[in-house]
Every structure is written in C-alpha cells, then in structure tokens.
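Number of protein chains: 2
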Amino acid sequence: MSTDRLSATFAALADPTRRAILARLAHGEASVSELAEPFDMSLPAVSKHLKVLESAGLITRGREAQWRPCKLEAMPLRDAAGWIEAYRRFGEASFARLDDYLKAIQEGEGNGPAS
Amino acid sequence: MSTDRLSATFAALADPTRRAILARLAHGEASVSELAEPFDMSLPAVSKHLKVLESAGLITRGREAQWRPCKLEAMPLRDAAGWIEAYRRFGEASFARLDDYLKAIQEGEGNGPAS
C-alpha cells in the first residue's frame, strides 16, 4: 500500500460517505455531529471517515475542545484535479479526433457516388 | 468497501504504479510486457494492476489472443474530474476571497494613520 500524497488523496475520495462529507464541508465548517446527521451513522463511524480525510490533508480540525469544527482544505483536491486534468485533456483530444473522423465519413458519404 | 463507479475510479487511481500505467497509455495502446518494462515488476504483478484498472473501466483490452493491447478509456476520468472540479472551484473561490481580504488589509494600511 503506497502512502504518497496523491495516492492518499485518491484513496480518501474512494468512498461515497467521505465524498458526501467533503461536499457538505464545501458549504462551510461543521462539527462531527452536524456531519453525522444526514447519514444514518454513529459518531465513531463518522470520526473514522474524518480521520482518513484528515490524514490525507483534505480536512483540518479546529482546536476548540468541545466543538473541533472540520474544514475542507482545497490543496490536495487541486493536486488530484491537476493529475486527472492531463488525461481528461487526452480524452477530449480523442473525442475531437473521433469528431473529425465522423465528419470525414459524413463528408465522404456526401461526395460519394451513392448521393 | 463501496463498489460504486466513482469510488472504483478513485480507488484505482490511488496507486502510483497504476497512475504511471495510465500515463503511459495516454500515449497509445500497449501490451502487458510493454507496460511492465519501465517498472521493475513481474508480468503477474502488472496484470494484477491492469485487472484493477479494467474493472474500474479505466482501460479496455483488445481481443487478440497473443497481444491483448491495453487502451485508456477517458470516460471514468472525466466523471472523476467532474466531481473534483466542483470542489476545486470552491478552493479557487476561497483563494479569491483570501486575495480580496489581503487587498482590503493593504488598502486599509495605505489609508491608515500610520502611513
């Protein structure tokens, strides 16, 4: 199991509950009990997910002993997006090539003897 | 362990060897032995990674019995990028707010009694 930063980010994102927690935190800081509310989950189960997100650097937690609000950290998401971006661009390039190909076929049909 | 599509994509990306394989495939199709070459890895070890990528839909494999070339599939990467994009935008928005805040401080200093 690799522990490089990008791998830790992707591993943390590989769970729908953790992604939902991040989506909630994008609207502002929240306490563990606020985060637990929409999921039918125990506080320890939510805390476990928060620990994964925290060790991946995707969230930080406040110092207030009672409340310890969770806060989304954008940097690791930026790095992950940056990595994917390169291959999304590749994907778009190949879709563009497919478009060219389909256009060429259609033009060929338009100019062919059958039309 | 969740098996939804987005989780499978992120889980597949959570490994540096698998990301390197995808990076290689962005340049064109490749056989298992071509993929194994740059990594100091056995063919079965590479095949294991390819199975993870294939079941996440990130690659497909040709039907030629001897060669079975691997091909990058862009769609799951697009979906993963789409998910992150929303939170990257959030990140950019908060950096923009930080910029505004720093500007406001500097302007405040400029207009203040100390200057």
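Chains A and B are the protein sequences, given in the same order.
As numbered in my numbering, residues 1 to 115 make up the first sequence, in order.
As numbered in my numbering, residues 116 to 230 make up the second sequence, in order.
Glycine is no exception: its CB is placed at the ideal position from the N, C-alpha and C atoms.
Same chain, Cβ closer than 7 Å to residue i, five either side skipped, listed in chain order
{"i": "serine 47 of chain A", "result": "Val32"}
{"i": "alanine 36 of chain A", "result": "Leu43 and Val46"}
{"i": "valine 167 of chain B", "result": "Ala127 and Arg133"}
Close Cβ partners of residue i (< 8 Å) along its chain, the five nearest in sequence each way excluded
{"i": "tryptophan 67 of chain A", "result": "Ser31"}
{"i": "threonine 124 of chain B", "result": "Ala171, Gly172, Leu173, Pro191, Leu192, Asp194 and Ala195"}
{"i": "isoleucine 72 of chain A", "result": "Before going further, note that residue 72 of chain A is leucine rather than isoleucine in the sequence given. Counting only Cβ-Cβ distances below 8 Å, and skipping sequence neighbours, we find Leu22, Leu25, Ala26, Leu58 and Ile59."}
Cut-off 6 Å between Cβ atoms - residues of its own chain near residue i, not counting five sequence neighbours on either side
{"i": "proline 228 of chain B", "result": "Low per-residue confidence applies at proline 228 of chain B: pLDDT is 47, beneath 50, and the placement is therefore not dependable enough to give any value."}
{"i": "arginine 204 of chain B", "result": "none"}
Cα-Cα separation between residue i and residue j, rounded to whole angstroms
{"i": "alanine 141 of chain B", "j": "alanine 20 of chain A", "result": "30 Å"}
{"i": "glycine 143 of chain B", "j": "glycine 82 of chain A", "result": "21 Å"}
{"i": "methionine 156 of chain B", "j": "threonine 132 of chain B", "result": "10 Å"}
{"i": "isoleucine 58 of chain A", "j": "aspartate 79 of chain A", "result": "The identity of residue 58 of chain A in the sequence shown is leucine, whereas the question assumes isoleucine. Roughly 11 Å between the two C-alpha positions."}
{"i": "arginine 176 of chain B", "j": "isoleucine 84 of chain A", "result": "21 Å"}
{"i": "aspartate 4 of chain A", "j": "tyrosine 87 of chain A", "result": "20 Å"}
{"i": "leucine 165 of chain B", "j": "cysteine 185 of chain B", "result": "8 Å"}
{"i": "arginine 63 of chain A", "j": "alanine 138 of chain B", "result": "41 Å"}
{"i": "phenylalanine 39 of chain A", "j": "lysine 218 of chain B", "result": "40 Å"}
{"i": "glycine 223 of chain B", "j": "glutamate 54 of chain A", "result": "35 Å"}
{"i": "glutamate 34 of chain A", "j": "glutamine 221 of chain B", "result": "36 Å"}
Outcome for residue i when other beta-carbon atoms lying within 10 angstroms are tallied against a minimum of 16
{"i": "methionine 116 of chain B", "result": "Interpretation of methionine 116 of chain B is limited by its pLDDT of 42, a score under 50 that renders its predicted location unreliable; no figure is taken from the coordinates."}
{"i": "serine 7 of chain A", "result": "buried"}
{"i": "alanine 74 of chain A", "result": "buried"}
{"i": "serine 230 of chain B", "result": "With a pLDDT of 38 at serine 230 of chain B, under the threshold of 50, the modelled position of that residue is not reliable, and the figure given next carries that caveat. The residue in question, serine 230 of chain B, is exposed, as its Cβ has fewer than 16 Cβ neighbours within 10 Å."}
{"i": "aspartate 15 of chain A", "result": "buried"}
{"i": "alanine 127 of chain B", "result": "buried"}
Residue i - partner residues in DSSP beta bridges
{"i": "arginine 176 of chain B", "result": "B:Cys185"}
{"i": "alanine 30 of chain A", "result": "A:Cys70"}
Where the alpha helix (DSSP H) containing residue i begins and where it ends
{"i": "serine 162 of chain B", "result": "158 to 170"}
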